Every structure is written in C-alpha cells, then in structure tokens.
Amino acid sequence: MKLLSPVDKVEEVEKIIEAGADELYCGLLTEEWHNKYIAGAINRRPGGGANFTTFDELQSCIDIARSHSVPVFLTLNEHYYTPEQYPFVLDYVRKVVGMGIYAMMVADLALLLTLRKLDIGARVVISTGGNTFNSEAAKFYRDLGASRIILPRHLTLKEIGNIRSSVADIELETFILNSRCPNVDGLCTFQHGLADKSIKPLYENACLLPYDISVSVCEDAEAGHLSWKRQHIWQTVHVDDYPCGACALYELSKMNITSVKIVGRGNPTARTVSYTHLTLPTN
Numbered sequence: 007m008k009l010l011s012p013v014d015k016v017e018e019v020e021k022i023i024e025a026g027a028d029e030l031y032c033g034l035l036t037e038e039w040h041n042k043y044i045a046g047a048i049n050r051r052p053g054g055g056a057n058f059t060t061f062d063e064l065q066s067c068i069d070i071a072r073s074h075s076v077p078v079f080l081t082l083n084e085h086y087y088t089p090e091q092y093p094f095v096l097d098y099v100r101k102v103v104g105m106g107i108y109a110m111m112v113a114d115l116a117l118l119l120t121l122r123k124l125d126i127g128a129r130v131v132i133s134t135g136g137n138t139f140n141s142e143a144a145k146f147y148r149d150l151g152a153s154r155i156i157l158p159r160h161l162t163l164k165e166i167g168n169i170r171s172s173v174a175d176i177e178l179e180t181f182i183l184n185s186r187c188p189n190v191d192g193l194c195t196f197q198h199g200l201a202d203k204s205i206k207p208l209y210e211n212a213c214l215l216p217y218d219i220s221v222s223v224c225e226d227a228e229a230g231h232l233s234w235k236r237q238h239i240w241q242t243v244h245v246d247d248y249p250c251g252a253c254a255l256y257e258l259s260k261m262n263i264t265s266v267k268i269v270g271r272g273n274p275t276a277r278t279v280s281y282t283h284l285t286l287p288t289n
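In this note's numbering, the protein residues as written are 7 to 289.
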C-alpha cells in the first residue's frame with residue numbers, strides 16, 4: 007500500500023519524499039486562470055498557498071520527484087468546466103503532460119471523456135468528486151479508461167471492502183488523516199476556499215454557516231440509523247486539527263487498497279512531513 011502526500015512548494019518536495027511519501031499530488035493555479043475565475047478554481051483550491059503558481063514550479067517538483075522515482079499526480083478536479091474554459095483547460099493539460107506529469111485527478115465526466123478522446127498519454131484518476139459510491143460506479147469509470155478511483159470520504163470499511171471485492175482490476179485509493187465535511191464531496195457546490203474579508207466571494211463560505219440536521223423517515227431502519235449516525239458526527243465535530251483514519255490502515259491494507267491519501271494541500275510543511283512519517287503495513 008502506497009502513501010500519497012500533498013505538496014505545494016518546491017522547497018518541501020524533497021522533505022516530504024524523505025519522510026516516506028511514495029507518491030505526491032499537487033495543484034497548479036496560474037495567475038492567468040486566477041485573475042479570470044477568482045472564485046472558480048481549476049482544482050477546487052481557489053488561491054492561497056495550496057497550489058503551485060507557475061509551470062516552472064510544477065516542473066521543478068516533477069524533476070525532483072523523478073530523481074527519487076516518485077510519481078506526481080496533478081489535481082484537475084473541479085466538478086465541471088464551462089465551454090469557455092475548455093480551450094484553457096486543454097492547453098493546460100497538454101503542457102503538464104509534456105512536462106512529465108504521471109496522472110491527473112479529475113471529477114468532471116465531460117473532461118474524462120474529452121481526455122479519453124484525446125488519448126493524452128497520462129493516466130486518469132477519478133477524484134472523490136466522481137461519486138464512486140458502489141462497485142457499479144467503479145466499473146463505469148474503469149470501462150471509460152480510469153486507472154484509479156479515489157473513494158468518497160464517507161464510505162465505511164465494509165462498503166470499501168465490497169467495492170474492492172467486486173472490482174479487482176482497478177486501483178483504489180482512500181483518504182487518511184482528513185477532516186470530516188457535512189457534505190458529499192461530489193455533490194457539493196459550496197466554495198471551499200477560505201480567505202479574509204478583503205476577498206468577499208471567497209470569505210462568504212456557505213460551509214461555515216450554522217445549520218441543524220434532522221433525519222427523514224426511511225423504510226430501511228438500518229440505513230436510516232447509519233445516516234443519522236454519520237450526520238450527527240459531522241454536525242457536532244470538526245476534526246481538522248485531529249487526524250483520523252490511522253486505525254483503519256491494517257484493514258485497508260488487507261483489502262489491497264492501492265494508496266492512502268493524506269489530505270492537506272496548503273498545510274504547513276512540518277505538518278505534512280509529520281503525517282507522511284506514517285509507517286504503513288505491508289500486504
């Protein structure tokens with residue numbers, strides 16, 4: 007089982023690899039895109055320190071990682087892109103593929119189909135935004151050419167195991183050391199970028215609004231109880247500063263999960279390094 011760690015600064019690439027990362031993932035938000043679509047990030051991180059900002063920075067990351075035989079995955083996982091954005095996105099894709107990016111994480115089905123048609127020469131990974139809730143969804147993406155699927159955060163170990171046992175011929179990735187969110191990632195249209203009051207479109211973040219949750223009537227009592235239990239946890243607990251999921255590493259390894267992903271693009275380097283020092287069990 008591999009460990010996939012986030013990176014967003016050239017100077018931290020070597021440190022994170024030395025800490026034990028088998029794979030790296032990152033975003034690239036150029037000034038051109040940011041100035042035109044300030045509240046619509048190309049990879050759902052609209053600014054701040056969560057992205058490389060130039061192609062040169064990304065190239066340096068790829069070159070350092072390649073010297074250690076570590077692949078770099080690039081996030082291109084916005085839920086959808088408008089027709090106006092496609093020329094920019096496809097030019098962006100061609101550039102990063104030419105630079106040696108190993109794979110791209112995508113959520114938008116239209117983009118997946120476009121990349122398949124173009125035969126870009128890089129692997130495609132389905133983001134958690136792709137909503138792979140079950141084995142049929144996994145087979146659907148596999149048949150469209152995806153090489154790996156990142157499973158949604160809210161799946162239980164039993165649900166993950168059922169997908170793994172039903173679809174053996176595609177890589178599966180799960181989250182580790184991540185915060186819980188009250189929304190299903192792939193169905194959420196809230197802005198996830200946090201900023202100060204000077205950037206109004208990003209500051210007024212709907213995810214931060216107070217709300218109450220109640221359970222609707224469900225004929226399946228077991229499913230209803232599970233739903234209530236999950237929502238109750240998400241309603242009352244926010245665990246950004248309290249890593250979770252490490253207790254599942256043994257089970258995930260036994261399921262032949264390909265990789266576990268540390269969440270945290272934009273985290274301080276020391277925090278990412280400390281998370282990456284995890285010792286993973288061998289299969």
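Using N, Cα and C, we set each Cβ at its ideal position, and we do this for glycine too. These numbers come from a predicted model, not from an experiment.
Quick one: complete alpha helix (DSSP H) runs, 4+ long, within the stretch 8-36? 16-24
Considering only C-alpha positions, which residue in the set Leu118, Gly135, Leu124 and Gly167 is nearest to Arg148? Position 142 of the sequence shown holds residue 148. When only C-alpha atoms are compared, the closest one is Leu118.
So, using beta-carbon positions, are Glu192 and Thr134 closer together than 8 Å? One-based indexing of the sequence shown puts residue 192 at position 186. One-based indexing of the sequence shown puts residue 134 at position 128. For the sequence presented, residue 192 should be read as Gly rather than Glu. The answer is yes: Cβ separation under 8 Å.
Under the three-state DSSP convention, the category Ser265 falls into: Counting from 1 along the sequence shown, the entry for residue 265 is found at position 259. Of the three classes helix, strand and coil, the one that applies to Ser265 here is strand, per DSSP.
Residues near His244 by beta carbon distance below 6 Å, same chain, minus five either side: For the purposes of this step, residue 244 is taken as the residue at position 238 of the sequence shown. In this prediction, His244 has a pLDDT of 47, which is less than 50 and means its spatial position is unreliable; nothing more can be read from the coordinates.
Please go through the same chain and pick out, in chain order, the residues whose beta-carbon is closer than 7 Å to the beta-carbon of Val130, but skip the five residues on each side of it. Counted from its first residue, the sequence shown places residue 130 at position 124. The residues are Ala109, Met110, Val112, Leu118, Leu121, Gly151, Ala152 and Ser153.
Is the stretch 169-177 in contact with the stretch 267-279, if contact means three or more CB pairs nearer than 8 Å? no
Go to Glu142, then tell me how far its alpha helix (DSSP H) extends in each direction, as first and last residue. Here residue 142 refers to the residue found at position 136 when the sequence shown is read from its first residue. It spans Ser141 to Asp149 - the alpha helix (DSSP H) in which Glu142 sits, taken as one unbroken run.
When DSSP labels each residue in this structure, what does Ala113 get in the three-state scheme? On the sequence shown, residue 113 is found 107 positions in, with the first residue counted as 1. Coil, per DSSP.
Assign His231 to buried or exposed, taking buried as 16 or more other Cβ atoms, counted over all protein chains shown, within 10 Å of its Cβ. What you label residue 231 is simply residue 225 of the sequence shown in a count that begins at 1. Label assigned to His231: exposed.
Once the 5 residues before and after Arg100 are set aside, which same chain residues still bring their CB inside 8 Å of it? The sequence position of residue 100 within the sequence shown is 94, counting from 1. The residues are Ile126.
Return the residue from the list Asp97, Ala116 and Arg170 that minimises the CA-CA distance to Glu84. Translated into positions along the sequence shown, residue 84 becomes position 78. Nearest of Asp97, Ala116 and Arg170 to Glu84, Cα basis: Ala116.
Check whether the Cβ atoms of Ile132 and Ala71 lie closer than 8 Å to each other. The residue you call residue 132 lines up with position 126 of the sequence shown. The residue you call residue 71 lines up with position 65 of the sequence shown. Contact: no.
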